[in-house]
Amino acid sequence: DVKVTQSSRYLVKRTGEKVFLECVQDMDHENMFWYRQDPGLGLRLIYFSYDVKMKEKGDIPEGYSVSREKKERFSLILESASTNQTSMYLCASRPRNTGELFFGEGSRLTVL
Amino acid sequence: EDQVTQSPEALRLQEGESSSLNCSYTVSGLRGLFWYRQDPGKGPEFLFTLYSAGEEKEKERLKATLTKKESFLHITAPKPEDSATYLCAVANNAGNMLTFGGGTRLMVKP
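So the protein lines, in turn, are chains V and C.
So for the first sequence, my numbering puts the first residue at 1; every next one is plus one.
So for the second sequence, my numbering puts the first residue at 1001; every next one is plus one.
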């Protein structure tokens, strides 16, 4: 079974803090994604990566950056957290040239 | 721009009461349509991929069907453990990204 592991299930941070969300997949997938999910807004793509050191902006990249130094790991960085970044963050991976995404359990971030 | 609309937003069923969830889509060249199940506080779990009109897939009490404009997720004799949010998404031939619908929250009462 594909395993996508997100480092933290629940985080509470203060406004202005730097936040790192880590994601690791164990199936050698080329593509990795970061989404946020909010009630009424559904799943929105923040960034994705189709290879090591490669990244592409999704629909809502403002206020976020990403890092992919190794194939299995994709990190989401909030340089200066704000209260409107309180959300559920979901990491996903998939092999190249397929459609199915495999999601992690999610990281619920609260910014006070 | 690809669009996915799911209906209803919420559905309450009694245990054993069969029903269907709808996913209407517009896409520039369908590469695949995907169904996911999401339990509260967890990530979506992949259920099915459908590639072309007329295709059907089944898993336990769930059956997904596809036409050129919509997909249905039929739930036969549901049980309380089927309660979850069901998400539909499409991928087009052009790119890497999926477009998700807003989901249907299913509640099955014993």
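All C-beta atoms in this analysis are idealised placements derived from N, C-alpha and C, irrespective of residue type, glycine included.
I need the DSSP call for C:E1081, collapsed to helix, strand or coil. helix
Can you find a CB in chain V that lies within less than 9 Å of the CB of C:K1059? no
Name, please, each residue of chain V whose Cβ falls closer than 9 Å to the Cβ of C:T1049. T98, G99 and E100
CB contact flag (V:R36, V:L90, <9 Å): yes
Along the chain, where does the beta strand (DSSP E) containing V:R68 start, and where does it finish? S65 to K70
Suppose the cutoff is 7 Å on Cβ atoms and the five residues either side in sequence are ignored; what does the same chain contact list for C:K1068 look like? A1053
Residues of the region 34-55 of chain V in Cβ contact with chain C at a cutoff of 7 Å, in chain order, please. G42, L43, L45, F48 and Y50
According to DSSP, is C:N1022 helix, strand or coil? strand
If you measure between the beta carbons of V:F103 and C:E1045, is that distance less than 9 Å? yes
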